[in-house]
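Undergrad:
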Amino acid sequence: MMEYSYVFLILLLPLLSFLVLGLAGMKMSHKTAGLIGTTSLGIVTALSYMTAFSYFTADRVDGVFQTLVPYNFTWLPLGKLHFDIGILLDPISVMMLIVISTVSLMVHIYSFGYMHGEKGFQRYYAFLSLFTMSMLGLVVATNIFQMYLFWELVGVSSYLLIGFYYKTHEAVAASKKAFIVTRFADMFFLIGILIFGYYTESFSFSFAGDVVMGEGAAPFIEANAAKAMAAGAMILPTALVLMFIGGAGKSAMFPLHIWLPDAMEGPTPVSALIHAATMVVAGVFQIARMFPLWIEYAPQAMSIVVWVGVFTAFYAAAVACAQSDIKRVLAFSTISQIAFMMVALGVCLPGHHGAVLDNHAQLGYMASMFHLFTHAMFKACLFLGAGCIIHAVHSNEMAMMGGLRKYMPITHITFLISCLAIAGIPPFSGFFSKDEILTASMQYSPVVGWIMTGVAAMTAFYMFRLYYGIFWGTENKEAHAHHTPHEAPLTMTIPLIFLSLVTIGAGFIPFGHFVSASGEAYDIHLDWTVAGTSIVVAVCSILLATYIYKGEKQPVADKLYKAFPKLHRAAYKRFYMDEVYQFVTHKIIFNLVSKPIAWFDRRVIDGTFNFMAWGTNEAGESIRGWQSGDVRHYAVWILTGAVALTLILLAFAV
271 MMEYSYVFLI LLLPLLSFLV LGLAGMKMSH KTAGLIGTTS LGIVTALSYM
321 TAFSYFTADR VDGVFQTLVP YNFTWLPLGK LHFDIGILLD PISVMMLIVI
371 STVSLMVHIY SFGYMHGEKG FQRYYAFLSL FTMSMLGLVV ATNIFQMYLF
421 WELVGVSSYL LIGFYYKTHE AVAASKKAFI VTRFADMFFL IGILIFGYYT
471 ESFSFSFAGD VVMGEGAAPF IEANAAKAMA AGAMILPTAL VLMFIGGAGK
521 SAMFPLHIWL PDAMEGPTPV SALIHAATMV VAGVFQIARM FPLWIEYAPQ
571 AMSIVVWVGV FTAFYAAAVA CAQSDIKRVL AFSTISQIAF MMVALGVCLP
621 GHHGAVLDNH AQLGYMASMF HLFTHAMFKA CLFLGAGCII HAVHSNEMAM
671 MGGLRKYMPI THITFLISCL AIAGIPPFSG FFSKDEILTA SMQYSPVVGW
721 IMTGVAAMTA FYMFRLYYGI FWGTENKEAH AHHTPHEAPL TMTIPLIFLS
771 LVTIGAGFIP FGHFVSASGE AYDIHLDWTV AGTSIVVAVC SILLATYIYK
821 GEKQPVADKL YKAFPKLHRA AYKRFYMDEV YQFVTHKIIF NLVSKPIAWF
871 DRRVIDGTFN FMAWGTNEAG ESIRGWQSGD VRHYAVWILT GAVALTLILL
921 AFAV
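If you count by this note's numbering, then the sequence shown holds residues 271 to 924, one letter each, in order.
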């Protein structure tokens, strides 16, 4: 265990970076502040890779990787319960250390060029450090309560980053929207945690009995699941579903997705960080972390995860087909791909051949984590590429682009590689991970399998619509006349090249040997019926997008817009979900609920207490004259009272 004694530095270094840059950053030059943030992340990345190498090359026990807890301290004892803070290493937490640190380091390097000359440069790097530390703390949490603490820190730091350009109304509104929507979902997460803690008398994950504790680390309290089961069969499923709502808010699942597209108001590298490796995958990670609880105590409730994921994937893909802002296309693409991961986890139902975790369960769980890993790399590449494009043309709108391939060859090639990966074209990494999800979905239900195959086809279509709209088509020479587009500097293109190389090679990693539901090695076997179908469907979608959008003119697209104007506008307006929220919050909740309650509060509650205060004041004013300080005056009152009482008593006595 001593070989992991350094892992606390993985959290400590970005925290120190945040404190130094936050407190003294304004006294530093941009270069110094950027170097401090990037160097600390570089060390964290090296430590994460060292941890992964040490962990995954260690001997397995009974065929599985052990769950290690190098550090665990009791922070707050509370009767039988106690809140702990510590570091837990298991296959998914170690994998997430790799994903988060790699993408975050690329974003730090990229930001040197993208944020060059920006006011608040030091503040930006301070927030990046806080955000990275929060997400790292979330994935190594030893218990649900610690996970919730860092979960909230992720929310706070995302609020700060999305609202970085706080002088613009849109950025402020977007940051508040993200904060309020995710806090609303987090309320359900907290209620679920409290129910879970109350009935199980522990915040530990279900594997508490299999943990190898470090020297001096406080042991966990083993969960009392029997008490929860005795209290009612619905207690644990209810707690888990409530926690899932919190995860759905963080991962922008329908109908809690509305904050994510608006979060594009933040700097583009922030979008890459939030969308690729951190905030939006927190919900997926939460389900994966509690997967043993789900399959043991709430297997039927997993269908909620499946159908929320299926609908979200389809809805987001449909909206992405109609967007003209390149960052919003990628935002809805993220929502759809995260939904793929959710579906993969949801279809992991046990019960085949009497085994709790058979190959079917292994497949979905492994596929979800595999897609999380590959998606983080190519989606980060896509967002950073979008940043280079915006940097070159000073606009997010596709109408201001077209023909950029000759000006930006590196961005063009890396963007194309990522598009092929997310479209599911072999041998790029997205093909391997998405194909496993489709196979698991087909085994769960052909209906789910075919819907997800259709969504995969839509993904290929809208991504190549985006690609042709940016790099091919008609160049906007009028816009480019004043500012000729150019390739981004090396600080911005090197991360693109690195991430695209990972995107090419990641599919060949024997991922199931490192991460699986049971901890045992799992060999990936392509189902060529499913794989062949998905390849044909993806190629057809790309050819369709090529036919419609590649040329200088786009008559087919124009005809489609004219033939289905209402459908196109509805998809462009995100099927009016923002308007629905506006109506529900303003017209119903504010007008019909909040205003009557406010009236009752002002008129009845405040009125009652104001009347009582007024009555007391008036009574005081009335009798104040009695308190004259004249002793003779008091003596007269005493004598008068005594005589009056005596006469009354005598009268009653007679």
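Note that the Cβ used here is the ideal one computed from N, Cα and C, for glycine as well.
Quick test of your reading: F640 and I692, contact by CB under 8 Å. State the CB separation rounded to the nearest angstrom.
TA: Not really, about 14 Å apart at Cβ, beyond 8 Å.
Undergrad: Which residues mark the beginning and the end of the alpha helix (DSSP H) in which L526 is found?
TA: Where L526 is concerned, there is no enclosing alpha helix (DSSP H), given that its DSSP letter is neither H nor E.
Undergrad: Please go through the same chain and pick out, in chain order, the residues whose beta-carbon is closer than 8 Å to the beta-carbon of I463, but skip the five residues on each side of it.
TA: Around I463: I414, F415, Y418, F473, A509 and M513.
Undergrad: Could you pull out every unbroken alpha helix (DSSP H) segment of at least 4 residues lying fully inside the stretch 695 to 745, listed in chain order?
TA: Within the stretch 695 to 745, the complete alpha helix (DSSP H) runs of at least 4 residues are 699 to 714 and 716 to 741.
Undergrad: In whole angstroms, what separates the C-alpha of G624 from that of F466?
TA: Because the pLDDT of G624 is 46, which lies under 50, any placement of that residue in the model is unreliable, and the question is left without a value.
Undergrad: Does the structure place the stretch 423 to 433 close enough to the stretch 364 to 375 that three or more beta carbon pairs sit under 8 Å?
TA: Cβ pair count under 8 Å is below three, so no.
Undergrad: Once DSSP output is grouped into helix, strand and coil, what is the label at I767?
TA: I767: helix per DSSP, three-state reduction.
Undergrad: Give me, in chain order, the residues of the same chain whose beta-carbon lies closer than 6 Å to that of V410; leave out the 5 immediate sequence neighbours on both sides.
TA: Cβ within range, chain order: I357, L358 and S363.
Undergrad: Helix, strand or coil for N861, going by three-state DSSP, please let me know.
TA: Three-state result, N861: helix.
Undergrad: In the structure shown, what three-state DSSP assignment does V388 receive?
TA: Checking the sequence shown, residue 388 turns out to be Glu, not Val. Here E388 sits in coil by DSSP.
Undergrad: Could you pull the start and end residues of the beta strand (DSSP E) that L358 belongs to?
TA: Where L358 is concerned, the enclosing beta strand (DSSP E) stretches over L351 to L359.
Undergrad: In the stretch 568 to 650, which residue ranges form an unbroken alpha helix (DSSP H) of at least 4 residues, counting only runs that do not cross its ends?
TA: Taking only runs of at least 4 residues, the alpha helix (DSSP H) segments lying wholly in the stretch 568 to 650 are 572 to 590 and 596 to 616.
Undergrad: Here's the rule: buried if 16 or more other CB atoms are within 10 angstroms of the residue's CB, otherwise exposed. What is T327?
TA: The residue is exposed, with fewer than 16 neighbouring Cβ atoms inside 10 Å.
Undergrad: Below 8 Å on the Cβ atoms is my guess for M1010 versus V575; work out the distance and round it to an integer in Å.
TA: For residue 1010 there is no data in the structure shown, the boundaries of the chain being 271 and 924.
Undergrad: Within 10 Å of its beta-carbon, does F947 have 16 or more other beta-carbons around it, so buried, or fewer, so exposed?
TA: Since the displayed the chain opens at 271 and closes at 924, residue 947 lies outside it and no answer follows.
Undergrad: Could you tell me which residues DSSP pairs with V245 in its beta bridges?
TA: In this structure the chain extends from 271 to 924, so residue 245 is not present and cannot be described.
Undergrad: Classify F870 as buried or exposed, calling it buried when 16 or more other Cβ atoms lie within 10 Å of its own Cβ.
TA: Its Cβ having fewer than 16 others within 10 Å, F870 is exposed.
Undergrad: Express the C-alpha separation of I908 and V901 in angstroms, rounding to a whole number.
TA: Roughly 10 Å between the two C-alpha positions.
Undergrad: So, for R735: in the same chain, excluding its five sequence neighbours on each side, which residues have a beta-carbon less than 6 Å away from its beta-carbon?
TA: Within the same chain, R735 has close Cβ partners A815 and Y819.
Undergrad: Quick one: measure Cβ to Cβ for R598 and P531, integer angstroms, because I've assumed they're closer than 8 Å.
TA: About 5 Å separates the two Cβ atoms, so the contact holds.
Undergrad: Okay, do the stretch 325 to 344 and the stretch 389 to 403 touch, 3+ Cβ pairs below 8 Å being the bar?
TA: Verdict: no, contact absent.
Undergrad: Scan the stretch 373 to 428 and note each continuous alpha helix (DSSP H) run of 4 residues or more that stays entirely inside, going in chain order.
TA: As far as the stretch 373 to 428 is concerned, its whole alpha helix (DSSP H) runs of at least 4 residues are 391 to 409.
Undergrad: Per the DSSP calculation, T344 is bridged to which residue(s)?
TA: Answer is D354, bridged to T344.
Undergrad: Are the beta-carbon atoms belonging to P525 and A571 less than 7 Å from one another?
TA: It is not a contact, given that the beta carbons lie outside the stated cut-off.
Undergrad: What residue range does the alpha helix (DSSP H) around M560 cover?
TA: No alpha helix (DSSP H) contains M560, which DSSP labels as neither H nor E.
Undergrad: Going by C-alpha distance, which of G694, W720, Y737 and Y274 is nearest E485?
TA: When each option's Cα is compared against that of E485, the closest is Y274.
Undergrad: Going by DSSP in three states, S474 sits in which element: helix, strand or coil?
TA: It is a strand residue.
Undergrad: So, helix, strand or coil for Y785, using DSSP?
TA: First, the amino acid is wrong: residue 785 is Val here, not Tyr. Three-state DSSP puts V785 in coil, outside helix and strand.
Undergrad: For the stretch 655 to 667 against the stretch 795 to 808, are there 3 or more C-beta pairs whose distance is under 8 Å?
TA: Segments in contact, no.
Undergrad: Quick check: the stretch 841 to 849 against the stretch 583 to 597, are there 3 or more CB pairs under 8 Å?
TA: Flag = yes, the stretch 841 to 849 and the stretch 583 to 597 touch.
Undergrad: Would you decide whether A850 is buried or exposed? Buried here means 16 or more other CB atoms lie within 10 Å of its CB.
TA: Looking at the sequence shown, residue 850 is not Ala but Val. The residue in question, V850, is exposed, as its Cβ has fewer than 16 Cβ neighbours within 10 Å.
Undergrad: So what's M298 in DSSP terms, helix, strand or just coil?
TA: Coil.
Undergrad: Below 7 Å between beta carbons: does that hold for G719 and K704?
TA: For G719 and K704, no; Cβs fall outside 7 Å.
Undergrad: Tell me the DSSP secondary structure of M882 in three-state form.
TA: Three-state DSSP puts M882 in a helix.
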